[in-house]
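Please read the structure below before turning to the comments.
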Amino acid sequence: MSSTRVSVPSGDVTIIGDRFGDPADPPILFLHGGGQTRHSWANSARRLAEAGWSTLTVDLRGHGESGWSRGGEYGLNRFAADITAVAQWLPEPPVLVGASLGGNAALSALGDNAELARALVLVDVSPFIQSSGRDRVRAFMAANAETGFASLEEAGDAVAEYQPHRKRPKNLDGLRKNLRERDGRWYWHWDPAFITGLGSDAVQRDRILDPVHLGAAAASLRVPTLLIRGGESDVISAEDSARFLHVVPHAEFASVGGAHHMVAGDDNAVFEDVLADFLDRRVRSRLDLFAAVAD
């Protein structure tokens, strides 16, 4: 299935995305984690588009092909504002599916506007996480953010060290979507200011992982909500999940056994089955009911 490239202006940047399926179908907006791109959701977006959803994957600000903020504005408020801009650009409220950074930004956006989305799916993230797992992610992203790599092989070595549970691919062409070649070296696609703390938005950036702010947003949720945890995740523990479910008692929970923090990448088939089941039961069934009443 082919996609259509879209662009949505938001504040000081333009958000770039890929749209799959019939635009008249109910929309799902996929939001990647820090350091990822919209391409991490491509398989899931295609499968759900084939099942009758209109899916949109986007690059967050400072990532992929979306714009870099000249003022280094990478705080939670800006990511949430971008999500709001894209969600309101769509013809009707979408389901928000967010991993890691994308999930917390979606949660914050819904906390500010309860009517923004039909449902929320958080993938291995919640207001409550493990600092050790968070620090491991940050360390990986910061390690070569400004110096880059001498070759794709060197970048591949770094990824393999960061994700030892995954088999290192022999063909590294897939890394090209996450790297940019400049002056003979390869650099990650994201703006170094996002991870190194440069710019003027330090206070809001710290709120990206603020359990008080995000916990309040979670407590205000009224839409159908699903938390998906990687069974081997070092970012969100079973106790963190239980705490979230206490704050959001109507939320559902699923654990993808064997998956780590990058749940969709570690076991995409199981992840997609869990997501599709939730969407059919908690979102499509309501849409079908509303349509029947309207007729």
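Mapped onto the numbering used here, the consecutive letters of the sequence shown carry residue numbers 569 to 863. Ideal placement from N, C-alpha and C gives every residue a C-beta, glycine not left out. Small disclaimer: the values here were computed from a predicted structure and weren't measured.
Spatial distance of residue i from residue j (CA atoms)
i: Gly679; j: His607; result: 27 Å
i: Arg704; j: Ala713; result: 15 Å
i: Ser676; j: Val654; result: 15 Å
i: Leu599; j: Ala649; result: 13 Å
i: Leu843; j: Ser668; result: 16 Å
i: Ala787; j: Asn746; result: 35 Å
i: Asp848; j: Phe717; result: 44 Å
i: Arg645; j: Ala761; result: At residue 645 the sequence reads Asn, which differs from the Arg that was named. When rounded, the distance between both Cα atoms is 16 Å.
i: Leu782; j: Leu794; result: 16 Å
i: Ala613; j: Asp845; result: 15 Å
i: Ala592; j: Val581; result: 27 Å
i: Arg638; j: His814; result: 40 Å
i: Gly685; j: Gly742; result: Checking the sequence, you will find Ala at residue 685 rather than Gly. Roughly 32 Å between the two C-alpha positions.
i: Phe588; j: Gly620; result: 10 Å
i: Ser805; j: Pro779; result: 15 Å
i: Gly643; j: Trp758; result: 15 Å
i: Asp586; j: Val665; result: 15 Å
i: Ser853; j: Pro662; result: 15 Å
i: Ser694; j: Pro792; result: 15 Å
i: Gln698; j: Gly670; result: 17 Å
i: Gly603; j: His818; result: 31 Å
i: Glu633; j: Trp756; result: 12 Å
i: Ser575; j: Gln656; result: 13 Å
i: Ala810; j: Ser578; result: 35 Å
CB-CB length for residue i against residue j, believed under 8 Å
i: Phe696; j: Phe812; result: 6 Å
i: Ile763; j: Ala710; result: 5 Å
i: Gly798; j: Val851; result: So it is not a contact: roughly 23 Å between Cβ atoms.
i: Ile583; j: Asp627; result: 7 Å
i: Thr623; j: Leu616; result: 5 Å
i: Pro594; j: Leu855; result: 6 Å
Buried versus exposed, by CB contacts within 10 Å (16 or more), residue i
i: Glu807; result: exposed
i: Ser768; result: The predicted model places Ser768 with a pLDDT of 47, which falls under 50 and marks its position as unreliable; any figure quoted below should be read in that light. Counting Cβ neighbours within 10 Å, Ser768 comes out exposed, since fewer than 16 surround it.
i: His631; result: buried
i: Ala682; result: exposed
i: Pro737; result: exposed
i: Arg744; result: exposed
i: Ser801; result: buried
i: Ser700; result: exposed
i: Arg629; result: buried
i: Ala540; result: Nothing about residue 540 can be reported from this structure: the residues present for the chain run from 569 to 863 only.
Cutoff 8 Å; reference residue i; Cβ partners in own chain excluding five residues on either side
i: Arg702; result: Leu777, Val803
i: Arg706; result: Ile763
i: Arg750; result: Gly716
Same chain only: Cβ atoms within 6 Å of residue i, ignoring 5 sequence neighbours per side
i: Leu789; result: Val816
i: Ser823; result: Arg797, Gly799
i: Ile651; result: Ala673, Ala674, Ala677
i: Glu820; result: Leu794
i: Asp834; result: The predicted model places Asp834 with a pLDDT of 47, which falls under 50 and marks its position as unreliable; any figure quoted below should be read in that light. Answer for Asp834: Ala827, His828, listed in chain order.
i: Trp609; result: Phe598, Thr625
i: Leu730; result: It is Tyr, not Leu, that sits at residue 730 in the sequence shown. Correct list, in chain order: Phe708.
i: Gly825; result: Gly799
i: Gly635; result: Val581, Thr582
i: Leu513; result: Residue numbering for the chain in the displayed model covers 569 to 863; residue 513 lies beyond these limits and cannot be assessed.
i: Thr572; result: Arg587
Same chain, Cβ closer than 7 Å to residue i, neighbours up to 5 away in sequence not counted
i: Arg753; result: Gly716, Phe717, Ala718
i: Glu618; result: Met569
i: Asp590; result: Ser622
i: Asn611; result: Asn836
i: Ala785; result: Leu675, Ser676, Leu678, Gly679
Closer than 8 Å is the cut-off here; do at least three beta carbon pairs connect the region 717-726 with the region 685-696?
No: the two stretches stay apart, fewer than three of their Cβ pairs being nearer than 8 Å.
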